[in-house]
């Protein structure tokens, strides 16, 4: 399937490059609808791979790349279930999102996240599946999950540990503070820094360079330098579910849902 247009995202293949655009109001929150459409993309990866050199993931939303998981949907669904049903539903969702993110992570073509604005929580974790992050200078990255009594659940910590030093990871995770694109580039999270509004253009230029090279060599090199930390990813799901079972988490989600702040997901 070389093109697709859904409710929350779309993609199109052209001359060896896929552009996957997130487009879900207000800020590309990842809920059941976006997960289902990301699963469609993951299902198309194998058939697209032989003709594809690069994939760019970017956002149509003005607020940024993605605010993360759809916490309102999570709370509304969870509040209607018993504790046992709630944990089963959360685990099932996490296992589905991990399967999708692992597929993107392991895709034999080069994946590029073109990031502007906010890139928080689950949205940050999606960007971390990509081989290269290109960010405009106004982009910000954060894991604000500790405010809810949780840890990132979409694979973010194992993927950060694969790529970066523990000092930065602990600072990011344990403070919940955001970091700007300039610092993110300094510590090696962001590969290329673009002027404001220019991340997608720079990502496209990068993809045009990647298209020139041999696909088999690229796939072998990627597999060698970017192993998927599958055991730690499975442990992350277990830890998230353990934390989610506590009443304080539902209370924090309720507070988030009832917030009157314009953008309550900001750290």
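Numbering (our numbering), first residue to last: 235 to 501. Just so you know, even glycine gets a beta-carbon here, dropped at the ideal spot from N, CA and C. Just so you know, these numbers come straight off a predicted model, no measurement behind them.
Check, Outcome
"Using a Cβ-Cβ cutoff of less than 6 Å, which residues in the same chain neighbour residue 341 once the five nearest sequence positions on both sides are dropped?", "279"
"In terms of alpha-carbon separation, which member of 284, 414, 424 lies closest to residue 234?", "Not covered by the structure: residue 234. The range shown for the chain is 235 to 501."
"What residues in its chain sit with their C-beta under 8 Å from that of residue 478, if we drop five residues either side in the sequence?", "320, 321, 324, 384"
"Skipping 5 residues on each side, what residues in its chain have a beta carbon closer than 8 Å to that of residue 403?", "391, 394, 395"
"Name the DSSP beta bridge partners of residue 414, please?", "374"
"Residue 327 and residue 359 - do their beta-carbons sit closer together than 8 Å?", "no"
"According to the neighbour-count rule (16 or more other Cβ atoms, all chains shown, within 10 Å of its Cβ), is residue 349 buried or exposed?", "buried"
"With burial defined as no fewer than 16 other Cβ atoms inside 10 Å of the residue's Cβ, what is the status of residue 300: buried or exposed?", "buried"
"For the candidate residues 431, 365, 247, 357, whose alpha-carbon lies nearest to that of residue 372?", "431"
"Quick check on residue 304: buried or exposed, where buried means 16 or more other Cβ atoms within 10 Å of its Cβ?", "buried"
"Starting from residue 369, follow its DSSP beta bridges and name the residues at the other end.", "349, 427"
"Can you name the residues that DSSP bridges to residue 238?", "245"
"Look at residue 357 and residue 290 and say whether their C-beta atoms are less than 8 Å apart.", "no"
"Who are the near neighbours of residue 347 in its chain, counting only those whose CB is closer than 6 Å to its CB and skipping five residues on each side?", "291, 361, 364, 367"
"Assuming residue 462 contacts residue 370 under a Cβ cut-off of 8 Å, what Cβ separation, rounded to an integer in Å, is found between them?", "That pair is no contact at about 28 Å."
"Tell me, please, which residues DSSP counts as bridged to residue 289.", "252, 345"
"Roughly how many angstroms separate the alpha carbons of residue 351 and residue 262, rounded to a whole number?", "12 Å"
"How would you label residue 482, buried or exposed, when you count the other beta carbons within 10 angstroms and need 16 or more for buried?", "exposed"
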